[in-house]
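Following this note's numbering, the numbering of the sequence shown begins with 178 at its first residue and continues without gaps. No residue lacks a Cβ here, since even glycine has one placed at the ideal position from N, Cα and C. Quick caveat: nothing in here was measured; it's all calculated off a predicted structure. Structure first, commentary second.
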Amino acid sequence: MHLEKLLSTVEAADRLGVSSSYLNKLRVTGGGPPFVKIGARVAYDPADLSAWLEAQKRTTTAPAGEALQ
């Protein structure tokens, strides 16, 4: 992790194509990409965003683990 490359919530949301409020919600519920807290600041490593986005790939709209009938 390179400190100079960490992204703010707004920058991370822009990179993911979502709103910063949605990213905040994911952070609170535990469903979003990994982040670091530096004092009161929340920051995201671009590599973590890429890995999280890759893990979101799906081949169906059914919830994960549910078989289609």
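For V195, the three-state secondary structure derived from DSSP is coil. For A220 against L183, the beta-carbon gap comes to about 4 Å, under 8 Å, which counts as contact.
CA-to-CA, the gap between F212 and L226 works out to about 9 Å.
When the Cα atoms are used, D191 and G216 turn out to be separated by approximately 23 Å.
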